[in-house]
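Notes for the one structure printed next.
Protein chains: 2
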Amino acid sequence: MTAVTSTIRNGVDTERMFATLDLIKDQPELARFQFRATNRWIDGAHNRSTIQGFYAAGGEDTSRSEGFELDAGEPAILLGTDTGPNPAEYLLHALAACLTTSIVYVAAARKVQLTSVESTLTGDMDVRGALGVDDEPRNGFERIGVTFRVAGNAPAEKLHEVVERAKRRSAVYDMVTNGVPVAVEVATP
Amino acid sequence: MTAVTSTIRNGVDTERMFATLDLIKDQPELARFQFRATNRWIDGAHNRSTIQGFYAAGGEDTSRSEGFELDAGEPAILLGTDTGPNPAEYLLHALAACLTTSIVYVAAARKVQLTSVESTLTGDMDVRGALGVDDEPRNGFERIGVTFRVAGNAPAEKLHEVVERAKRRSAVYDMVTNGVPVAVEVATP
Numbered sequence: 002m003t004a005v006t007s008t009i010r011n012g013v014d015t016e017r018m019f020a021t022l023d024l025i026k027d028q029p030e031l032a033r034f035q036f037r038a039t040n041r042w043i044d045g046a047h048n049r050s051t052i053q054g055f056y057a058a059g060g061e062d063t064s065r066s067e068g069f070e071l072d073a074g075e076p077a078i079l080l081g082t083d084t085g086p087n088p089a090e091y092l093l094h095a096l097a098a099c100l101t102t103s104i105v106y107v108a109a110a111r112k113v114q115l116t117s118v119e120s121t122l123t124g125d126m127d128v129r130g131a132l133g134v135d136d137e138p139r140n141g142f143e144r145i146g147v148t149f150r151v152a153g154n155a156p157a158e159k160l161h162e163v164v165e166r167a168k169r170r171s172a173v174y175d176m177v178t179n180g181v182p183v184a185v186e187v188a189t190p
Numbered sequence: 002m003t004a005v006t007s008t009i010r011n012g013v014d015t016e017r018m019f020a021t022l023d024l025i026k027d028q029p030e031l032a033r034f035q036f037r038a039t040n041r042w043i044d045g046a047h048n049r050s051t052i053q054g055f056y057a058a059g060g061e062d063t064s065r066s067e068g069f070e071l072d073a074g075e076p077a078i079l080l081g082t083d084t085g086p087n088p089a090e091y092l093l094h095a096l097a098a099c100l101t102t103s104i105v106y107v108a109a110a111r112k113v114q115l116t117s118v119e120s121t122l123t124g125d126m127d128v129r130g131a132l133g134v135d136d137e138p139r140n141g142f143e144r145i146g147v148t149f150r151v152a153g154n155a156p157a158e159k160l161h162e163v164v165e166r167a168k169r170r171s172a173v174y175d176m177v178t179n180g181v182p183v184a185v186e187v188a189t190p
């Protein structure tokens with residue numbers, strides 16, 4: 002009898018994953034990445050980002066033949082025409098996506114075959130802050146709530162451990178909970 | 002001679018804007034908003050958020066007849082199949098979009114007619130953190146750089162003031178620079 006074991010788990014090639022981790026352990030300079038977005042105002046609350054190139058593993062990545070375009074907007078109550086999710090909703094999506102991918106990768110590494118990962122995120126905001134009506138409420142969400150429903154071929158305890166580990170490794174969870182230094186420069190004609 | 006002054010500036014209805022601000026000043030309870038996203042894992046690094054309903058101004062908003070769908074992914078070098086921007090890139094877009102809309106709204110309120118607002122954002126990351134190879138680098142961006150190019154019918158000094166005020170009122174800029182408490186709950190079958 003021959004055991005044929007696929008290296009693909011949860012859609013992640015674990016053999017390539019472990020090879021990547023080994024490579025980065027050996028050559029930490031390959032871990033320097035830079036992601037980018039360019040944005041252009043269209044009208045009112047409507048603006049559009051283009052996301053394509055990034056720097057990774059010692060060089061400019063050229064694997065994307067075209068860019069992704071993302072349209073932002075605001076609903077009517079916030080003076081827009083609903084041309085896309087609003088920026089705060091995009092932040093919720095960024096957080097959901099990062100935690101989910103982290104869960105999927107951690108589970109793949111730990112031999113947990115997932116069957117479903119779903120989440121609901123809520124962000125509570127007192128818009129007096131962002132609208133400049135009152136200085137007391139902060140501009141952003143006061144709190145974000147995330148509820149995950151995770152199923153797979155592992156006991157509940159192990160699934161909880163996977164989520165816990167994913168939280169401790171998620172790039173966006175780190176940024177949203179701890180903050181990031183942001184430098185803004187402005188050029189005018 | 003009759004002066005006909007449009008209340009629309011930069012695509013923003015300033016009359017409605019000031020009416021909204023007055024209303025919220027009078028009834029601060031109307032300023033309670035809740036935004037939401039639901040996310041579902043598809044395969045590997047591919048997951049999708051749906052964004053539709055939100056709570057605003059004392060009730061559930063029903064103005065969106067259908068939801069927005071956002072696909073996230075990772076490029077090949079991060080073990081995905083490039084099914085969408087990655088979560089960290091979505092965060093850059095959220096920040097770009099929020100600062101841009103804030104600039105446009107602040108300019109509208111201050112009678113500055115903008116002709117263009119463009120930005121480039123970069124986020125530098127040592128992926129050893131998120132990949133769990135080394136505990137020293139943080140998981141998220143070490144820093145984010147934003148460069149705005151803003152043009153309109155005002156002197157450079159006033160355009161700089163508009164951007165400065167927009168930074169001080171942007172919801173996502175607040176969240177990304179200062180962080181937000183995030184509570185994660187997990188349900189398993």
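Same order as they appear, the protein sequences are chains U and Z. When you line the first sequence up against this note's numbering, it's residues 2 to 190, in that order. When you line the second sequence up against this note's numbering, it's residues 2 to 190, in that order. A virtual CB, placed ideally from N, CA and C, is assigned to each residue, including glycine. Nothing here was measured: the structure is a model prediction, and the numbers come from that model.
Do you know whose CA, among Val147/Z, Ala109/Z, Ala20/Z, lies nearest tyrosine 174/Z's CA? When C-alpha distances from tyrosine 174/Z are compared across Val147/Z, Ala109/Z, Ala20/Z, the shortest belongs to Val147/Z.
With a threshold of 7 angstroms between beta-carbons, can threonine 189/U be considered close to chain Z, or not? Interface residue, yes.
Which whole runs of the alpha helix (DSSP H) in the stretch 55-120 of chain U are 4 residues long or more, in chain order? Correct list: 88-110.
My parser needs the beta strand (DSSP E) runs of 3 or more residues fully inside the stretch 131-162 of chain U; what are they? Within the stretch 131-162 of chain U, the complete beta strand (DSSP E) segments of 3 residues or longer fall at 144-153, listed in chain order.
Could you name the residues of the stretch 136-153 of chain U whose beta carbon sits closer than 7 angstroms to any beta carbon of chain Z, in the order they occur along the chain? Listed in chain order, the positions of the stretch 136-153 of chain U with a beta carbon within less than 7 angstroms of a beta carbon of chain Z are Arg139, Asn140, Gly141, Phe142, Arg144, Ile145, Gly146, Val147, Thr148, Phe149, Arg150, Val151, Ala152.
Excluding sequence positions up to five away, which residues of its chain have a Cβ less than 6 angstroms from the Cβ of glutamate 143/U? Setting aside the 5 residues that flank it on each side, glutamate 143/U is surrounded in the same chain by Asp125, each with a C-beta closer than 6 angstroms to its C-beta; the list follows chain order.
Beta-carbon neighbours of arginine 111/Z, restricted to chain U and to distances below 8 angstroms: Under the 8 angstroms cutoff, chain U gives no residues; its nearest Cβ is about 11 angstroms from arginine 111/Z.
Once you ignore the five residues that flank leucine 115/U on each side, which residues in its own chain have a CB closer than 6 angstroms to its CB? Scanning its chain for C-beta atoms nearer than 6 angstroms, with the 5 sequence neighbours on each side dropped, one finds around leucine 115/U the residues Asn11, Ala108, Gly153, in chain order.
Which residues in the same chain have their Cβ closer than 6 angstroms to the Cβ of glycine 59/U, if we skip the five residues on either side of it in sequence? These residues qualify, in order along the chain: Leu31.
CB-CB under 7 angstroms to glutamate 186/U, same chain, minus the five flanking residues each way: which ones, in chain order? Once the five neighbours on either side are set aside, glutamate 186/U has no close Cβ partner at all.
How is the alpha helix (DSSP H) around arginine 129/Z delimited, first residue to last? Looking at the DSSP string, arginine 129/Z is not in any alpha helix (DSSP H), and its letter there is neither H nor E.
Straight-line Cα distance separating serine 120/Z from aspartate 135/Z: Here the alpha carbons of serine 120/Z and aspartate 135/Z stand approximately 33 angstroms from one another.
Contact list for aspartate 44/Z against chain B, beta-carbon separation under 8 angstroms: Among the protein chains of the structure shown, namely U and Z, there is no chain B.
Taking contact to mean at least 3 C-beta pairs separated by less than 8 angstroms, is the stretch 92-109 of chain U in contact with the stretch 162-171 of chain U? Touching, yes, given that three or more Cβ pairs across the two stretches are closer than 8 angstroms.
Residues bridged to alanine 188/Z by DSSP? Answer is Arg150/U.
Tell me, please, whether the CB atom of lysine 26/Z is closer than 7 angstroms to any CB atom in chain U? Contact of lysine 26/Z with chain U is assigned, a C-beta pair being separated by under 7 angstroms.
So valine 181/U and valine 181/Z are in contact, right, with Cβ under 8 angstroms, and what is the actual spacing, rounded? The beta-carbon separation of valine 181/U and valine 181/Z, rounded to 12 angstroms, does not stay under the 8 angstroms limit for a contact.
Work out the CA separation of arginine 41/U and lysine 168/Z for me, nearest whole Å. Here the alpha carbon of lysine 168/Z sits roughly 17 angstroms from the alpha carbon of arginine 41/U.
Which chain Z residues sit within Cβ distance under 9 angstroms of glutamine 114/U? Under the 9 angstroms cutoff, chain Z gives no residues; its nearest Cβ is about 12 angstroms from glutamine 114/U.
Beta-carbon neighbours of glutamate 61/U, restricted to chain Z and to distances below 7 angstroms: Ordered by position in chain Z, no residue passes the 7 angstroms Cβ test against glutamate 61/U, which lies about 12 angstroms from the chain.
Whose C-beta lies closer than 8 angstroms to the C-beta of alanine 77/Z among residues of the same chain, with five residues either side of it excluded? Counting only Cβ-Cβ distances below 8 angstroms, and skipping sequence neighbours, we find Asp83.
So which of Gly133/U, Asn87/U, Leu160/U has the shortest CA-CA distance to glutamine 35/Z? If we check each option's Cα against that of glutamine 35/Z, Asn87/U comes out closest.
Along the stretch 81-97 of chain U, where does the CB come closer than 9 angstroms to a CB of chain Z? Name the residues. Under the 9 angstroms Cβ criterion, the stretch 81-97 of chain U contributes Gly81, Thr82, Asp83, Gly85, Pro86, Asn87, Pro88, Ala89, Glu90, Tyr91, Leu92, Leu93, His94, Ala95, Leu96, Ala97.
Can you find the residues in the same chain that come closer than 7 angstroms, C-beta to C-beta, to alanine 110/Z, ignoring five residues on each side of it along the sequence? Here the set comprises Thr15, Met18.
How would you call serine 158/Z, buried or exposed, if buried means at least 16 neighbouring beta carbons within 10 angstroms? For the sequence presented, residue 158/Z should be read as glutamate rather than serine. Around the beta carbon of glutamate 158/Z, a 10 Å sphere encloses fewer than 16 other beta carbons of the protein chains shown; the residue is thus reported as exposed.
With a threshold of 7 angstroms between beta carbons, is serine 50/U in contact with chain Z? For serine 50/U, the closest Cβ of chain Z is nearer than 7 angstroms.
Starting from alanine 38/Z, follow its DSSP beta bridges and name the residues at the other end. The beta-bridge partner set that DSSP reports for alanine 38/Z consists of Leu122/U.
Less than 7 angstroms between CB atoms is the rule here; does glycine 54/Z satisfy it with respect to chain U? At a cut-off of 7 angstroms between beta-carbon atoms, glycine 54/Z makes no contact with chain U.
Applying a beta-carbon distance threshold of less than 8 angstroms, which residues of chain U neighbour threonine 8/Z? Simply none; closest approach about 12 angstroms.
Would you say aspartate 125/Z reaches chain U, if we count a Cβ-Cβ gap shorter than 7 angstroms as a contact? Chain U places a beta carbon closer than 7 angstroms to that of aspartate 125/Z, counting this residue as a contact.
Would a check of beta-carbon distances place glutamate 30/Z closer than 7 angstroms to chain U? With 7 angstroms as the cut-off, glutamate 30/Z does not count as an interface residue toward chain U.
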